[in-house]
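S.K.:
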Amino acid sequence: MPPRRSIAVNAAIVGARPTGLGHYALHAIAALDALGERLTVYTPRPDLVRAPGATVRALTDAVTPERGAAGHLARLIWVQSGLRMRVRRDRPDVLLNLMPEGLLWPAVPQVTTVYDLLPLWFPSEYPRQQYYFRHYVPAVLRHSRAVLVISESTRRDVQRFYGVPAAKVHVVLAGYDAGAYNLDGGDAHPSSEPYALYVGNVMPHKNLLRLVEAFAAAVPQGPGRLVVRGWGRPRHVAALRRRIDALGIAARVDWQPYAPADELPRLYRGARMFLLPSLYEGFGLPVLEAMACGAPVITSSRSSLPEVAGDAALLVDPEDTGALAQAMTRLFADDGLAKDLRERGLARVGLFSWEKTGRAMRAAVDAALAAG
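First residue of the sequence shown: 943, per the working numbering; consecutive thereafter.
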């Protein structure tokens, strides 16, 4: 076992209702703590940290993601001032940033995490984030000994957009919450007819306009519903509602903005299929959650999704509405195919765990320290 060293963890990204980034950070902290690493964690939500061996330092709520742009600006200022002072005072062996925000000219070796580069692929949707991703993030990466990414897809993006040397980039795959997402933890969502399920944001890269078009084509008559759990910016929500109404399928779409944590596993367990036909994902955690609950998966052949799904899902070109409709039709009709995908998915999720995430992250920290 490598000697215990002190790791300062920048977890300012964790909010009251953690997003995907926040969940990754919290699980990574717990995994590193379980491996015996000596952690000092800086976060505005110390109550959410499950790491009994760690020292947890509370930050002001001003830096939380719930504060929007103001919180983001406050966080950037805190990193270059408050975090810098703490690092200089405590002199940890390494600073681990669980987001693409870190120190310029750090006093100790620094490791920085990048989840995805979505704003660089869809700049018109994220005009206010262009300076951040085109100038701030690459500057932080230049001052980092190692860069952690959550998929091979993000590794390719980091090298493509930022030119980070391959030896400096380490893939640290996410895990999933096996205690919540499984076939043994409870019942399925009750439904009078089979349903296809989508869980996620309502944003253009999620490809929901094509999804509802494909659903309308796949089941023009007869049983079959589409269950949607997710929300987004008002203009994107309105555009999706208009498309659903124009297709004449509003009565067959069960759309709620949010699913409580205890409802999601039940929705997955009861689904005839889970759909994630995104144009881009940094990882695609809902694919693993669905598979762990026994839901057959149809997902995109782009970005990180093929590496997460492997051979345990139907992969489709996300811009081919006909192919997506055909895949839905097959799964609604073919019990044998559904059974095969269910079994493949349950086997596939065994390759992912937060313990493996922690071990990969620890190896990357080792590499960063050795690189000095």
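By construction, the Cβ of each residue, glycine as well, lies at the ideal position given by its N, Cα and C atoms.
If distances are taken between C-alpha atoms only, which option among Pro1136, Leu1257, Tyr1200 and Ala1251 comes closest to arginine 1211?
M.R.: Of the listed residues, the one whose Cα sits closest to arginine 1211 is Pro1136.
S.K.: How many angstroms separate the CA atom of proline 1248 from the CA atom of leucine 1279?
M.R.: Straight-line Cα distance between these residues: approximately 19 Å.
S.K.: Does leucine 1257 pass the burial test, meaning 16 or more other C-beta atoms within 10 Å, or should it be called exposed?
M.R.: Buried, since its Cβ has 16 or more Cβ neighbours within 10 Å.
S.K.: Please state if the CB of leucine 1062 and the CB of arginine 1076 are separated by a distance shorter than 9 Å.
M.R.: The answer is yes: Cβ separation under 9 Å.
S.K.: Which residues bound the alpha helix (DSSP H) around methionine 1145?
M.R.: Element bounds for methionine 1145: n/a, residue is neither H nor E.
S.K.: Alpha helix (DSSP H) containing serine 1095: first to last residue?
M.R.: Looking at the DSSP string, the run of the alpha helix (DSSP H) that includes serine 1095 is 1094-1104.
S.K.: Measuring straight from C-alpha to C-alpha, what distance separates valine 1141 and alanine 1309?
M.R.: In a straight line, the C-alpha of valine 1141 is about 36 Å away from that of alanine 1309.
S.K.: Starting from the N-terminal side, write out each stretch of the beta strand (DSSP E) that is 3 residues or longer and does not extend beyond the region 980-1067.
M.R.: Runs of the beta strand (DSSP E) inside the region 980-1067: 980-985, 997-1000, 1036-1039 and 1052-1056.
S.K.: Report the three-state DSSP secondary structure of tryptophan 1197 (helix, strand or coil).
M.R.: DSSP places tryptophan 1197 in strand when its eight states are reduced to three.
S.K.: Can you give me the Cβ contacts of alanine 1267 inside the same chain, cut-off strictly under 6 Å, excluding the 5 residues immediately before and after it?
M.R.: These residues qualify, in order along the chain: Ala1156, Ala1159 and Ala1160.
S.K.: Mind checking whether leucine 1045 and arginine 1033 have CB atoms under 9 Å apart?
M.R.: No; because the gap between Cβ atoms is not below 9 Å, this pair is not in contact.
S.K.: Mind checking who glutamate 1240 pairs with in its DSSP beta bridge?
M.R.: What sits at residue 1240 in the sequence shown is isoleucine, not glutamate. In DSSP, isoleucine 1240 forms a bridge with Leu1217 and Leu1256.
S.K.: Under the three-state reduction of DSSP, which class applies to alanine 954: helix, strand or coil?
M.R.: Correct three-state label for alanine 954: coil.
S.K.: Could you have a look at arginine 1076 and say whether DSSP puts it in helix, strand or coil?
M.R.: Three-state result, arginine 1076: helix.
S.K.: Let me know the secondary structure DSSP gives histidine 1112 once reduced to three states.
M.R.: Three-state DSSP puts histidine 1112 in a strand.
S.K.: Taking a contact to mean a Cβ-Cβ separation below 9 Å, would you say valine 1029 touches proline 1042 in this structure?
M.R.: Taking 9 Å as the Cβ cut-off, valine 1029 and proline 1042 do not qualify as a contacting pair.
S.K.: Given that a residue counts as buried once 16 or more other Cβ atoms are within 10 Å of its Cβ, and exposed if not, what is arginine 1070?
M.R.: Burial call: exposed.
S.K.: I need the straight-line Cα distance from tyrosine 1078 to phenylalanine 1103, nearest angstrom please.
M.R.: Tyrosine 1078 and phenylalanine 1103: Cα-Cα distance of roughly 13 Å.
S.K.: Give me the Cβ distance between alanine 1255 and isoleucine 1240, rounded to the nearest whole Å; I'm assuming they're in contact under 8 Å.
M.R.: The pair is a contact, with the Cβ atoms about 7 Å apart (cut-off 8 Å).
S.K.: Report the three-state DSSP secondary structure of leucine 1189 (helix, strand or coil).
M.R.: In the structure shown, leucine 1189 sits in a helix (DSSP, three-state: H, G or I).
S.K.: By DSSP, does methionine 943 sit in helix, in strand, or in coil?
M.R.: Note that methionine 943 scores a pLDDT of 49, beneath 50, so its modelled location is shaky; the value from the coordinates is reported in the next line. Correct three-state label for methionine 943: coil.
S.K.: May I ask which residues mark the beginning and end of the alpha helix (DSSP H) holding valine 1170?
M.R.: First-last for valine 1170: 1167-1171, but that is the beta strand (DSSP E), not the alpha helix (DSSP H).
S.K.: Which residues share a DSSP beta bridge with isoleucine 971?
M.R.: Answer by DSSP bridge pairing: none, since isoleucine 971 is not bridged.
S.K.: So is glycine 962 buried or exposed if we call it buried at 16+ other beta carbons inside 10 Å?
M.R.: It counts as buried.
S.K.: Quick check on the DSSP output: the alpha helix (DSSP H) that includes valine 1250 runs from which residue to which?
M.R.: 1247-1251 is the extent of the alpha helix (DSSP H) around valine 1250.
S.K.: What does the Cβ neighbour count give for glutamate 1285, buried or exposed, with the cut at 16 atoms within 10 Å?
M.R.: Exposed, by the Cβ-count rule.
S.K.: Following the continuous alpha helix (DSSP H) through leucine 1150, name the residue where it begins and the one where it ends.
M.R.: Unbroken alpha helix (DSSP H) run through leucine 1150: 1150-1160.
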